[in-house]
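Top line first, the protein sequences correspond to chains P and R.
Here the numbering used here is used: position 30 in the first sequence is 30, and no number is missing along the way.
Here the numbering used here is used: position 75 in the second sequence is 1075, and no number is missing along the way.
Here the structure is laid out as structure tokens; the discussion comes afterwards.
There are 2 protein chains.
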Amino acid sequence: MLSNSHKWFTEEHKDAGSAWSLVIEEHLAHAKSDFQTIDIYRSRDWGNLMVIDGFVMLTTRDNFLYHEMLTHPALFSHPAPKRVLIIGGGDCGTLKEVLAHAEVEHCTQVEIDEEVTRLAERFFPELCERNDDPRAELKFDDGLAHIQNLPEGSLDLIIVDSTDPIGPAEGLFGPAFVADCHRALADGGILVQQSESPLLHAELIAGVRDNMSQAGFSDIRTLGFPQPCYPSGWWSATMACKGGQFELPAPARFAASGLKTRYYNPEVHRGALATQIP
Amino acid sequence: MLSNSHKWFTEEHKDAGSAWSLVIEEHLAHAKSDFQTIDIYRSRDWGNLMVIDGFVMLTTRDNFLYHEMLTHPALFSHPAPKRVLIIGGGDCGTLKEVLAHAEVEHCTQVEIDEEVTRLAERFFPELCERNDDPRAELKFDDGLAHIQNLPEGSLDLIIVDSTDPIGPAEGLFGPAFVADCHRALADGGILVQQSESPLLHAELIAGVRDNMSQAGFSDIRTLGFPQPCYPSGWWSATMACKGGQFELPAPARFAASGLKTRYYNPEVHRGALATQIP
């Protein structure tokens, strides 16, 4: 049992038979949007914590891992990622990393729930630093509908930064959405999607990969990385390219980018490309 | 709070302000040795769980990550690892991985607490599969004293597979022990030590690296890897060599070894060598 000497926030990972808890100092905000319930807590040791429908979304302390690994491997795998779309990503941490790449000319973020972004602006301002970048466009809309209305071949990169495949995000894990992404990408375009835990969700990862394969993507890679606040602490992103094969990252390109990262680097990227699902 | 519909084992990570819990079905064993208290539980989803003095040591489900990453990078970094010493490692999972390398001629394991190994034989038999290998020697003794009595330059590889740096393992994180390891290693020898979480224990990792540097090791690398059952789910091993520099792993050597791994491979090894402490 958890000691009574602290206030705790706990997420139970029901299928996994595990739970993760944080010592909480204050319940900072509670919002009920049209889509979900959002809570913000101040933790004692992990900065602020965002929780949606009882599931941990991010903490100040460890979100850099997820945001760096959802973005940089895909961006550095594309020769010229100019037109980027983020589906979900309401906390804006993914947008921030995307816009750190000078080649990006335009990045649209389509988050279904505006309340997530409003709360991120208040409680995770460091993730929203680039929301006013002239290359950024924040839309609050349904990602499934948005992608259907895009012209064919109009994007270089699509990043699916979603919640778990239940509730509003369920459709983002379906084959129809992935086929729509394939259509919206130009030749050589890349789709990358958060794909849960290599240890706990091998079946889901297989499904994500199957969808990509059926949609016609030519190479598919699942990249593992640590993510303490998510079930098992080991997470993944699966990326797929429309034509061609993923190449190993070029250290010179990373060096020339001037990017400051805390986890990502080209060697880590290489290692992640070799992730086995156990 | 944790729901009452299950029985839980919980470890609170006091300094980190976090906690990790598993759904437990049965308390299989409880032992009080001369050194510590050991409990074994059957979890619902993670196989068996060993707990020492309230700290999670390993589960059936995820120990492969730690055991593979504590051993294979070091073994594949040495041109001919024949004489190996394990300090700690009472669950025998490290020994099993070491003996998977055909070049190893002798591996001594010096665990202070025989009870740990006896319980591992009962509840983690898959980790003890190679305990009867003619190359294995199991001693139950103090690792600090053992290393002092070894002839200078008599080992190729020392693996420190210890509990946290409190209680019996405290001395294993001190400079005197690391200097003794340096003395006991032959030229080109490697010391590798579990070194806690890159996210939570940056100061401890710096101390481990300082000890190695002061002892005269010529190259020092901290390798990160996922380890769900330990605090933050992101863990590390720090390895140091006596003379020379660590080279990148050779894929052909791994292929020729015939090793079957679930996490380790030469690309993952390369990526881990590039771990940044954030």
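For glycine and all other residues, C-beta sits at the position ideal for the given N, C-alpha and C.
Option in the options with minimal Cα separation from residue i
{"i": "P:L204", "options": "P:F217, P:G216, P:S236", "result": "P:S236"}
{"i": "P:F183", "options": "P:L150, P:G167, P:A206", "result": "Here residue 183 of chain P is Arg; the residue named in the question, Phe, does not match the sequence. The residue with the shortest Cα to Cα distance from P:R183 is P:L150."}
{"i": "R:D1161", "options": "R:E1068, R:P1226, R:A1206", "result": "R:E1068"}
{"i": "P:E105", "options": "P:E111, P:V84, P:E97", "result": "P:V84"}
{"i": "R:P1081", "options": "R:E1097, R:C1092, R:A1016", "result": "R:E1097"}
{"i": "P:G163", "options": "P:G216, P:P231, P:A252", "result": "The question names Gly, yet the displayed sequence has Thr at residue 163 of chain P. With distances taken between Cα atoms, P:T163 lies closest to P:P231."}
{"i": "P:K139", "options": "P:L49, P:E103, P:I86, P:E26", "result": "P:I86"}
{"i": "R:A1240", "options": "R:S1043, R:A1074, R:D1034", "result": "R:A1074"}
{"i": "P:R61", "options": "P:C229, P:S77, P:P168", "result": "P:C229"}
{"i": "P:A169", "options": "P:L185, P:D156, P:V110", "result": "P:V110"}
{"i": "P:A176", "options": "P:V51, P:Q214, P:G153", "result": "P:Q214"}
{"i": "P:I147", "options": "P:T108, P:E115, P:R118", "result": "P:T108"}
{"i": "R:I1052", "options": "R:F1173, R:Q1245, R:I1166, R:E1267", "result": "R:I1166"}
{"i": "P:E11", "options": "P:G189, P:W234, P:F55, P:S43", "result": "P:F55"}
{"i": "R:F1246", "options": "R:Y1264, R:L1223, R:I1112", "result": "R:L1223"}
{"i": "P:T275", "options": "P:G258, P:V23, P:P125, P:L199", "result": "P:L199"}
{"i": "R:P1134", "options": "R:S1003, R:T1071, R:L1095", "result": "R:L1095"}
{"i": "P:G93", "options": "P:N265, P:N131, P:I112, P:P266", "result": "P:N131"}
{"i": "R:I1277", "options": "P:S154, P:Y264, P:A272", "result": "P:Y264"}
{"i": "R:S1018", "options": "P:K14, P:E25, P:A16", "result": "P:E25"}
{"i": "R:G1207", "options": "R:S1005, R:D1180, R:G1189, R:G1174", "result": "R:G1174"}
{"i": "P:A252", "options": "P:T261, P:R262, P:P266", "result": "P:P266"}
{"i": "R:S1005", "options": "P:K7, P:L248, P:K14, P:W8", "result": "P:K14"}
{"i": "R:I1159", "options": "R:E1152, R:L1191, R:L1172", "result": "R:L1191"}
{"i": "R:G1243", "options": "R:E1115, R:G1188, R:G1233", "result": "R:G1188"}
{"i": "P:L70", "options": "P:T238, P:A255, P:P79", "result": "P:T238"}
{"i": "R:F1009", "options": "P:L2, P:K7, P:S33", "result": "P:L2"}
Residue i (DSSP reduced to helix, strand or coil)
{"i": "R:C1128", "result": "helix"}
{"i": "P:R83", "result": "strand"}
{"i": "R:F1076", "result": "helix"}
{"i": "P:Q148", "result": "helix"}
{"i": "P:H6", "result": "coil"}
{"i": "R:A1136", "result": "strand"}
{"i": "R:S1273", "result": "In the sequence under discussion, the amino acid at residue 1273 of chain R is Leu, which differs from the Ser named in the question. R:L1273 falls in the helix class under three-state DSSP."}
{"i": "P:A250", "result": "coil"}
{"i": "R:R1262", "result": "coil"}
{"i": "P:M69", "result": "helix"}
{"i": "R:G1243", "result": "coil"}
{"i": "R:P1231", "result": "helix"}
{"i": "P:F123", "result": "helix"}
{"i": "R:G1216", "result": "coil"}
{"i": "R:S1236", "result": "strand"}
{"i": "P:G224", "result": "strand"}
C-beta neighbour in chain C for residue i, strict 8 Å
{"i": "P:Y41", "result": "The structure shown contains no chain C; its protein chains are P and R."}
C-alpha gap between residue i and residue j, whole angstroms
{"i": "R:L1099", "j": "R:A1136", "result": "8 Å"}
{"i": "R:L1065", "j": "R:P1226", "result": "7 Å"}
{"i": "R:S1197", "j": "P:Q193", "result": "27 Å"}
{"i": "R:D1219", "j": "P:D91", "result": "40 Å"}
{"i": "R:V1178", "j": "R:N1211", "result": "6 Å"}
{"i": "R:F1217", "j": "R:R1270", "result": "20 Å"}
{"i": "R:S1195", "j": "P:L144", "result": "45 Å"}
{"i": "P:M50", "j": "P:T59", "result": "7 Å"}
{"i": "P:T117", "j": "P:N48", "result": "15 Å"}
{"i": "R:M1057", "j": "R:F1123", "result": "13 Å"}
{"i": "R:N1063", "j": "R:E1129", "result": "15 Å"}
{"i": "R:D1039", "j": "P:H201", "result": "29 Å"}
{"i": "R:L1259", "j": "R:H1101", "result": "8 Å"}
{"i": "R:S1021", "j": "P:A16", "result": "11 Å"}
{"i": "P:L119", "j": "P:L28", "result": "10 Å"}
{"i": "P:G153", "j": "R:L1273", "result": "39 Å"}
*Sequence ranges, alpha helix (DSSP H) only - wholly within the stretch 1166-1213 of chain R, length at least 4*: 1175-1184
*Just by C-beta distance, which residues in the stretch 109-124 of chain P are closer than 7 Å to chain R?*
none
_3 or more residues per run - each beta strand (DSSP E) lying fully within the stretch 17-66 of chain P_ = 18-32, 37-43, 48-52, 55-59
*Going along the stretch 44-65 of chain P in order, which residues come within less than 9 Å of chain R, judged by CB to CB distance?*
R44, D45, W46, R61, D62, F64, L65
*Determine which residues of the stretch 22-33 of chain P have a Cβ less than 8 Å from any Cβ of chain R, and write them out in chain order.*
Per Cβ criterion, the list reads L22, V23.
_Could you tell me which whole alpha helix (DSSP H) segments of length 4 or greater appear in the stretch 1084-1120 of chain R?_
Counting only runs of 4 or more, we get 1093-1099.
*In chain order, what residues of the stretch 232-258 of chain P put their CB closer than 7 Å to some CB of chain R?*
Listed in sequence order: S232, G233, W234.
*Taking only beta carbons into account, state which residues of the stretch 1124-1136 of chain R come closer than 9 Å to chain P, listed in chain order.*
Answer in chain order: no residues at all.
*Select from the stretch 265-276 of chain P all residues with a C-beta closer than 9 Å to any C-beta belonging to chain R, and list them in chain order.*
N265, P266, E267, V268, H269, R270, G271, A272, L273, A274, T275, Q276
*With 9 Å as the limit, tell me which residues of the stretch 68-81 of chain P have their beta carbon closer than that to any beta carbon of chain R; keep them in chain order.*
none
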